[in-house]
Amino acid sequence: MLSWEHTPSLIPMMRERAWVEIDLAAVAHNVQQLRRSLAAGTDLMAVVKADAYGHGAVTVARTALQHGATWLGVATIPEGIELREANIDAPILLLGAANTPEQVRAIAHWDLQPTLCNPKQALVFAETMSHMGRSLPVHLKLDTGMSRLGMPWQEAAAFAQLVQGLPNLQIASVYSHLATADEPDQTVMQLQHHRFEAAIAQLCSAGIAPPRLHLANSAATLVDPALHYNMVRTGLATYGLHPAPHLSDRLNLQAVMQVRARITQVKSLQSGTGVSYGYKFIAPKDMQIAVVGIGYADGVPRLLSNRMTVLIRGQRIPQIGSITMDQLMLDVSTIPNLQEGEVVTLLGQDRGDRITADDWANLLGTISWEILCGFKHRLPRLTINQSQEVAHGVGKEGSGGRS
Ligand SMILES: *Cc1c(COP(=O)(O)O)cnc(C)c1O
């Protein structure tokens, strides 16, 4: 990705076309809220994989660590290296799998902590570490019902005994991941919880006491303190979204990401005129439309074409026609004297109204996680520290126009 932050000459251009605002005060607030919901001895891991769900891993990680998180979670080795290169020295758990000696060497070199999910992998790690003459903390992953990464929970004790017998590996934690913690029906979640408990009991009988146990993602963290163990691994809640509607009253979270763009052209259309590729919208009357400089390559899903609304001057405005790669069109017939350069809010707050990633996810039949991750590629990211102030500033600037 073009590194706006590291190219000072580009900074004045960051708000020229379209941009993402990342409110670090909201990250701090969310982390504090989560922290307060945990018992004193429970650690908080900020999950910052996928560039912190599109929010920027380094800035989010720093802010989360300043406000109560003590661990970081990433999916891939390069994601971990990025944090280390930014001089972040908190423990980093690699949630994804690594299998080759090259990966093991990189993990050890960058002081990352790997997830182990089967004996073969454990042997590769042990052998490579013995060649390096070093030892490594490792985290054992159990599959208790997600059917993704992990050793079957029934084999927990045998697996842990094997790893414990390997000279260069130290078990730093045993963990598992829940498949349905965000659903109102808790049957599967409680089954996974019981399996995790049974696995721990097995370990205990085998004389193995892992220094740390963890199971909860954001949803489970909100649902039941019995799932917290020694650490929770929260991604989504850190970014201010609730994992499910029925959990929305559990904590007061604030959305961290807002997405804005500018109007690049305003024009009149005659009734019957087609708009955008495929003419999926035909003007039903004479109307005013506006072109906005943001499109699906920026993270606005094309499937929202003709379905989404945006905010201009605090007013809901319908999007019309197919969303294109870099631009989209709006029906602005209800806004008097709209100026090119005015600011459009696609996600976030404008005056008294707000559009959330959940609104988009509901329209599309997907989840807010995917919407947020869609913004990690192209748009410049503006780090701000008070969403209210900046939203207000943008609004003022918007109504005044721009030359
Ligand atoms: C991504 C991930 C999380 C965070 O999930 P959220 O629902 O975003 O809180 C936690 N644990 C594991 C293993 C993950 O892969």
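Note that the working numbering has the sequence shown beginning at 18, numbered continuously upward.
In this text, a Cβ means the ideal position worked out from N, Cα and C, and glycines have one as well.
Check the C-beta distance from Leu157 over to Pro131 and give it rounded, since I have them as a contact under 8 Å. Stepping through the sequence shown from its first residue, residue 157 is reached at position 140. Stepping through the sequence shown from its first residue, residue 131 is reached at position 114. 10 Å between Cβ atoms; not a contact.
Determine the extent of the alpha helix (DSSP H) in which Trp377 is found, giving its start and end residues. Taking the sequence shown and counting its residues from 1, one reaches residue 377 at position 360. Start and end: 374 to 381.
For the alpha helix (DSSP H) that Leu110 lies in, which residues bound it at each end? Numbered from 1 along the sequence shown, position 93 holds the residue referred to as residue 110. For Leu110, there is no enclosing alpha helix (DSSP H); the residue is found in the beta strand (DSSP E) stretching over 109 to 111.
Under the assumption that Pro118 contacts Val91 (Cβ atoms under 8 Å), give the Cβ distance between them as a whole number of angstroms. As a position in the sequence shown, residue 118 is number 101, starting the count at 1. As a position in the sequence shown, residue 91 is number 74, starting the count at 1. In this structure, Pro118 and Val91 do not form a Cβ contact; the two beta carbons are roughly 20 Å apart against a cut-off of 8 Å.
Where do the ends of the alpha helix (DSSP H) carrying Val240 lie? Here residue 240 is taken as the residue at index 223 of the sequence shown, counted from 1. Here the alpha helix (DSSP H) through Val240 covers 235 to 240.
Any 3 or more C-beta pairs closer than 8 Å across the region 218 to 229 and the region 175 to 192: Yes: at least three Cβ pairs fall under 8 Å.
With 16 other CB atoms within 10 Å as the buried threshold, where does Ala63 fall? Along the sequence shown, one-based indexing puts residue 63 at 46. Buried, since its Cβ has 16 or more Cβ neighbours within 10 Å.
Nearest by alpha-carbon distance to Glu357: which of Gly310, Leu328, Leu320, Leu179 is it? Working through the sequence shown from its first residue, we reach residue 357 at position 340. Among Gly310, Leu328, Leu320, Leu179, the Cα nearest to that of Glu357 belongs to Gly310.
Going by the CB atoms, is the gap between Phe298 and Gly289 shorter than 9 Å? Position 272 of the sequence shown, counting from 1, holds the residue named residue 289. Position 281 of the sequence shown, counting from 1, holds the residue named residue 298. No.
One or two residues paired with Gly90 in a DSSP bridge: As a working mapping, residue 90 is identified with position 73 in the sequence shown. When beta bridges are read from the DSSP output, Gly90 appears opposite Val64, Leu110.
Do Val361 and Ala278 come within 9 Å of each other at the CB atom, strictly closer than that value? Along the sequence shown, one-based indexing puts residue 278 at 261. Along the sequence shown, one-based indexing puts residue 361 at 344. The answer is yes: Cβ separation under 9 Å.
So which of Pro262, Met168, Met149, Glu359 has the shortest CA-CA distance to Val283? By one-based count along the sequence shown, residue 283 stands at place 266. It is Glu359 whose Cα lies nearest to the Cα of Val283.
Using three-state DSSP, classify Tyr256 as helix, strand or coil. Translated into positions along the sequence shown, residue 256 becomes position 239. Three-state DSSP puts Tyr256 in a helix.
Quick one: what's got a C-beta closer than 6 Å to Ala45's C-beta in the same chain, skipping five residues either side? As a working note, residue 45 is residue 28 in the sequence shown. Cβ neighbours of Ala45 beyond the five flanking positions: Thr80, His84.
What does a CB cutoff of less than 7 Å around Ala107 pick up in its chain, not counting 5 residues either side in sequence? Working through the sequence shown from its first residue, we reach residue 107 at position 90. The beta carbon of Ala107 sits closer than 7 Å to those of Leu82, Thr87, Trp88, Leu89, all from its chain and outside the five residues before and after it, given in chain order.
Taking all protein chains shown into account, decide if Tyr294 is buried (16 or more other Cβ within 10 angstroms of its Cβ) or exposed. Residue 294 sits at position 277 when you count from the first residue of the sequence shown. By the neighbour-count criterion, in which a residue is buried when 16 or more other Cβ atoms sit within 10 angstroms of its Cβ, Tyr294 is exposed.
Pro169 bridges to which residues according to DSSP? Residue numbering aside, residue 169 sits at position 152 when the sequence shown is read from its first letter. Answer by DSSP bridge pairing, in chain order: Asp160.
Relative to ligand 1, is the shortest distance from any of its heavy atoms to the C-beta of Leu112 smaller than 8 Å? What you label residue 112 is simply residue 95 of the sequence shown in a count that begins at 1. Yes; taking the cut-off as 8 Å, the Cβ of Leu112 has a heavy atom of ligand 1 nearer than that.
The region 391 to 401 in contact with the region 21 to 41 per 3-pair CB rule at 8 Å: As far as the Cβ criterion goes, the region 391 to 401 touches the region 21 to 41, which means the pair count is three or higher.
Reference Met146; option with closest CA among Met163, Ala125, Ala78, Leu159: Walking along the sequence shown from the start, residue 146 turns up at place 129. Among Met163, Ala125, Ala78, Leu159, the Cα nearest to that of Met146 is on Ala125.
For Met30, is the classification buried or exposed, using 16 other Cβ atoms within 10 angstroms of its Cβ as the cut-off for buried? Taking the first residue of the sequence shown as 1, we reach residue 30 at position 13. By the C-beta density criterion, Met30 is exposed, having fewer than 16 other C-beta atoms within 10 angstroms.
Can you name the residues that DSSP bridges to Asp303? Numbered from its first residue, the sequence shown carries residue 303 at position 286. Paired residue(s): none; Asp303 is not in a bridge.
Who pairs with Gln282 in a beta bridge, going by DSSP? Locating residue 282 in the sequence shown gives position 265, where the first residue counts as 1. Gln282 is bridged to Val308.
Per-residue DSSP class, three states only, for Gly410: Counted from its first residue, the sequence shown places residue 410 at position 393. For Gly410, the predicted structure reports a pLDDT of 36, less than 50, and the residue's modelled location is therefore unreliable. A value from the coordinates is still provided. Three-state result, Gly410: helix.
Note down, in chain order, each residue of its chain lying with its Cβ closer than 8 Å to the Cβ of Glu214, except the 5 sequence neighbours on either side. Residue numbering aside, residue 214 sits at position 197 when the sequence shown is read from its first letter. Taken in chain order, the list of residues that qualify is empty.
Assuming Arg368 and Gly331 form a contact by the criterion Cβ under 8 Å, report the distance between their Cβ atoms to the nearest whole angstrom. Taking the first residue of the sequence shown as 1, we reach residue 368 at position 351. Taking the first residue of the sequence shown as 1, we reach residue 331 at position 314. Between Arg368 and Gly331 a beta carbon distance of about 3 Å is seen, short of the 8 Å cut, so the two are scored as contacting.
Contact between the region 262 to 271 and the region 332 to 345 is defined here as three or more beta-carbon pairs at a separation below 8 Å; is this criterion met? Result no; under three Cβ-Cβ pairs closer than 8 Å.
What's the C-alpha gap between His210 and Ala261? The sequence position of residue 210 within the sequence shown is 193, counting from 1. The sequence position of residue 261 within the sequence shown is 244, counting from 1. So the two alpha carbons sit approximately 20 Å from each other.
From what residue to what residue does the beta strand (DSSP E) around Pro136 run? Looking up residue 136 in the sequence shown gives position 119. For Pro136, no beta strand (DSSP E) encloses it; the enclosing alpha helix (DSSP H) starts and ends at 136 to 149.
According to DSSP, is Val121 helix, strand or coil? Counted from its first residue, the sequence shown places residue 121 at position 104. Helix.
Between Gln287, Ser322, Thr373, which has its C-alpha nearest Ile306's C-alpha? As a working mapping, residue 306 is identified with position 289 in the sequence shown. It is Gln287.
Excluding sequence positions up to five away, which residues of its chain have a Cβ less than 7 Å from the Cβ of Ala74? What you label residue 74 is simply residue 57 of the sequence shown in a count that begins at 1. So the qualifying residues of the chain are Val65, Asp68, Glu96, Glu99, Leu100.
Taking the alpha carbon of Leu61 as the point to measure from, which residue in Arg324, Ser235, Ala177 has its own alpha carbon closest? Counting from one through the sequence shown, the residue named residue 61 turns up at place 44. For the set Arg324, Ser235, Ala177, the Cα lying nearest the Cα of Leu61 is the one of Ser235.
Note down the Cα distance separating Thr93 from Gln138, rounded to an integer number of angstroms. As a first step, residue 93 must be located in the sequence shown, where it is residue number 76. As a first step, residue 138 must be located in the sequence shown, where it is residue number 121. Distance between the alpha carbons of Thr93 and Gln138: 16 Å.
Which of the three DSSP states, helix, strand or coil, is assigned to Met31? Taking the sequence shown and counting its residues from 1, the one referred to as residue 31 is at position 14. The answer is coil: DSSP assigns Met31 none of H, G, I, E or B.
With hydrogens ignored, establish whether the beta-carbon of Val64 is closer than 8 Å to any heavy atom of ligand 1. Residue numbering aside, residue 64 sits at position 47 when the sequence shown is read from its first letter. A heavy atom of ligand 1 is found nearer than 8 Å to the CB of Val64.
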